[in-house]
Amino acid sequence: MVNSDLNREWKRHTDESFEGSKLPDAEKADVNIQDLNSVETFNALPRTEYPQGLRLTLIMISLMLTVFLVSLDNTILATAIPKITGEFHGLDKVAWYSSAYFMTFGGFQSTWGKFYKYFPLKIYFMAAIAIFELGSLVCGVATGPTGLIVGRAIAGVGGAGIGSGAFTIIGFIAEPQKRPVLIGLTGAMYGIAAVLGPLLGGVFSDKVTWRWCFYINLPIGGLAVMIVLFFLRIPSEAKPVEASWKEKFLQMDFLGAAFVMCLIVSFILALEYGGQTKAWGSSVVVGLLVGSFVIFVAFVLWEIYQGERAMVVPRIFKKREVWVSCIFQFFFAGAYFVILFYLPIYFQGVFNVSPIGSGVRNLPFIILLTIAVILQGPVLNKVGYFTPIMAVGAALTAISCGLFYTLEVDTAVGKWVGYQIFCGFVIGMTFQTTLTVIQSSSTPEDMSSSTAMIFFFQMLGGAFLLSASQSAFNNTMIATLASTAPVVDPAIVLVTGATQIRTAFTSAQVPGVVAAYMAGLKVVFAVAVGATGFASLFSLCGSWKKLHSEVSKDTIVAAA
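So for the sequence shown, this note's numbering puts the first residue at 2; every next one is plus one.
If you want it as structure tokens, here you go:
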């Protein structure tokens with residue numbers, strides 16, 4: 002179907018462009034139809050359907066707003082947790098406030114990719130926003146922890162569709178030369194939301210109510226839907242693939258999604274329990290870890306059996322650009338989320354600043370990240386080779402994480418500002434490269450599925466490395482307390498927020514608790530060093546072909 006569409010599109014274009022033209026005869030030769038099957042030729046086909054000017058600007062604003070909201074939902078809750086637990090009178094379900102969101106966000110990532118492949122992209126993208134808004138509303142009106150958890154799970158389902166849908170739309174509406182820049186700008190929303198999230202969460206919790214952490218999504222999401230409704234026109238290349246309703250249902254791979262959700266929950270719970278509330282050798286922790294491995298194996302076997310119906314389609318994943326990009330993003334994105342999550346903890350716990358003050362101190366990171374993602378697109382277009390950018394970028398990120406490892410309780414301002422500038426810039430120059438590579442190597446039919454794969458592995462990396470970092474942080478802190486503050490109960494430290502250290506403990510105990518916090522943070526930054534270092538080495542397995550933003554003369558003109 003896709004090949005015939007491309008053939009018709011090319012015939013229309015050549016008929017209009019070559020008829021009566023003064024081009025040399027050699028350049029009027031018939032097109033080699035076999036070359037039309039290539040991704041490079043598809044990307045270079047001149048189309049009149051690309052939005053321009055104000056319409057493109059408005060569409061990009063709506064996509065950036067939706068990605069911002071999804072990203073904000075990952076970080077805004079952190080500083081609101083103390084207020085929520087105070088109102089709901091309990092800490093026993095705190096972990097599920099985040100886990101419920103990650104569970105459905107990860108489980109339905111690739112399912113949404115299939116929705117966008119077999120159903121109208123515009124309609125289902127708006128449906129994803131609506132589901133996210135519904136989840137936010139449920140969270141905002143929740144009267145207890147159960148309602149909040151249900152709302153977070155619903156929001157995760159919609160968030161999964163927004164993340165992959167926004168970048169899939171960019172892949173279809175953006176000219177190949179503009180695509181890296183627009184992807185970078187949209188990707189910058191993750192960093193901006195990471196800094197503004199704790200700040201807004203603190204402001205809402207202190208000045209209004211924690212419920213506005215969720216209510217804020219409603220008007221912004223509504224505005225985005227209106228822009229998409231009236232200004233977004235999906236090009237013909239993105240029309241749904243024809244299939245029976247039975248085939249469409251089977252393509253959703255709901256069992257695969259269930260495997261992923263169970264895997265995430267099992268792994269997170271194992272690391273939350275291990276060494277903290279239960280011994281690592283306890284039957285519960287061992288059972289959860291073994292169960293995670295069994296679920297993972299079952300998921301892989303099921304995906305192989307599913308073939309074209311799989312969440313991670315083997316045919317697509319076997320492409321060198323795809324499997325290298327996905328595994329690279331698992332580790333690189335995971336480390337990125339670790340840095341975003343734990344730098345505010347460093348400022349709040351060690352320097353005793355408020356959530357607002359922490360957000361201000363994170364500005365060097367976010368400003369340079371934003372600048373870098375804007376520059377990343379033109380640089381990638383100029384260099385052409387993506388593997389060196391991935392390898393060097395991840396290696397420099399590992400060095401910057403190593404600099405974070407050297408932070409102490411009395412580190413000078415110039416150092417932590419400089420470290421953030423360095424880290425933000427190299428991450429911004431690297432993070433979105435894989436998405437550009439994936440979309441440049443995908444046919445229109447595979448665009449949504451391949452885009453969803455990247456987000457699937459980003460999410461998995463974030464969930465797994467954040468869980469591993471949290472476990473390492475807690476266990477190291479508990480072990481360190483035995484020497485720095487032996488009279489302090491570790492259980493109390495674990496349930497005390499970073500901003501409450503000075504009020505929960507005596508002035509004599511605070512230095513020991515802060516020292517334990519610092520020891521835990523060093524291990525976390527070491528995890529980030531290892532993840533980005535591995536990502537750098539692994540990226541060398543990637544292709545050394547140039548990205549094709551235009552079709553060569555030999556591709557367009559048939560051989561004599």
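Note that beta-carbon positions come from the ideal geometry of N, C-alpha and C, so glycine has one too.
Every value quoted in this text rests on a predicted model; they were computed, and no experiment measured them.
| Query | Result |
| --- | --- |
| Do you know how far the Cα of E304 is from the Cα of S137? | 32 Å |
| Assuming A1 is part of the alpha helix (DSSP H), what are its boundary residues? | Residue 1 lies beyond the residue range present for the chain, which begins at 2 and ends at 561; the question has no answer from this structure. |
| Can you find at least 3 beta carbon pairs, one from the stretch 409-424 and one from the stretch 122-135, that sit closer than 8 Å? | no |
| By the 10 Å Cβ neighbour count, where 16 or more other Cβ atoms means buried, how is T147 classified, buried or exposed? | exposed |
| Consult DSSP for G275 and reduce its assignment to one of helix, strand or coil. | strand |
| By alpha-carbon positions, which one of F526, F333, L256, V266 ends up nearest to A299? | L256 |
| So for Y51, helix, strand or coil by DSSP? | coil |
| Please classify R362: is it buried, with 16 or more other beta-carbons within 10 angstroms of its beta-carbon, or exposed? | buried |
| Return the bridge partner residues of K547 from the DSSP annotation. | Y386 |
| For the alpha helix (DSSP H) that A299 lies in, which residues bound it at each end? | 284-307 |
| Give me the Cα-Cα distance between S442 and T187, rounded to the nearest whole angstrom. | 20 Å |
| Under the assumption that T398 contacts T533 (Cβ atoms under 8 Å), give the Cβ distance between them as a whole number of angstroms. | 4 Å |
| For Y337, which of S100, Y117, A529 has the nearest alpha-carbon? | A529 |
| On the DSSP letters alone, give me the boundaries of the alpha helix (DSSP H) that C327 sits inside. | 321-346 |
| Look at the alpha carbon of F474 and the alpha carbon of K319, and state the distance between them as a whole number of angstroms. | 36 Å |
| I'd like to know whether the C-beta atoms of P236 and I174 end up nearer to each other than 8 Å. | yes |
| Could you check the C-alpha separation between F109 and G157 for me, to the nearest Å? | 8 Å |
| Give the straight-line distance between the Cα atoms of E409 and M519, rounded to the nearest whole angstrom. | 7 Å |
| As a quick exercise: from S450, F506, A499, P365, pick the residue whose alpha carbon is nearest that of Q252. | S450 |
| Report the rounded CA-to-CA distance for G360 versus L197, giving the unit in angstroms. | 6 Å |
| Whose CA, out of I155, A101, V515, F535, lies closest to the CA of Q349? | V515 |
| Are there 16 or more other CB atoms within 10 angstroms of the CB of L37, so buried, or fewer, so exposed? | With a pLDDT of 35 at L37, under the threshold of 50, the predicted position of this residue should be treated as unreliable, though the coordinate-derived value follows. Result: buried. |
| Can you give me the start and stop residues for the alpha helix (DSSP H) that G203 sits inside? | 180-208 |
| Run through DSSP, which three-state label would Q433 get? | coil |
| Could you check if I493 is buried or exposed, using at least 16 other CB atoms within 10 Å of its CB as the buried criterion? | exposed |
| Could you give the DSSP three-state label for T67: helix, strand or coil? | helix |
| Count the other CB atoms, across all protein chains shown, that sit within 10 Å of the CB of R180; report buried if there are 16 or more and exposed otherwise. | buried |
| Would you decide whether G543 is buried or exposed? Buried here means 16 or more other CB atoms lie within 10 Å of its CB. | buried |
| To the nearest angstrom, how far is the alpha carbon of F215 from that of K546? | 45 Å |
| What does the alpha-carbon distance come out to for the pair V285 and L270? | 10 Å |
| At what residues does the alpha helix (DSSP H) containing E248 begin and finish? | 246-252 |
| When you compare the CB positions of S63 and A225, do they come within less than 8 Å of one another, or not? | yes |
| If we ignore side chains and look at the alpha-carbon of each, how far apart do V414 and P365 end up? | 12 Å |
| Grouping DSSP H, G and I as helix and E and B as strand, with all else coil, what is E88? | helix |
| By the DSSP assignment, the alpha helix (DSSP H) with G463 in it spans what residues? | 448-485 |
| Between G540 and T407, which are expected to be in contact by the criterion C-beta below 8 Å, what is the C-beta distance as a whole number of angstroms? | Looking at the sequence shown, residue 540 is not Gly but Ser. So it is not a contact: roughly 25 Å between Cβ atoms. |
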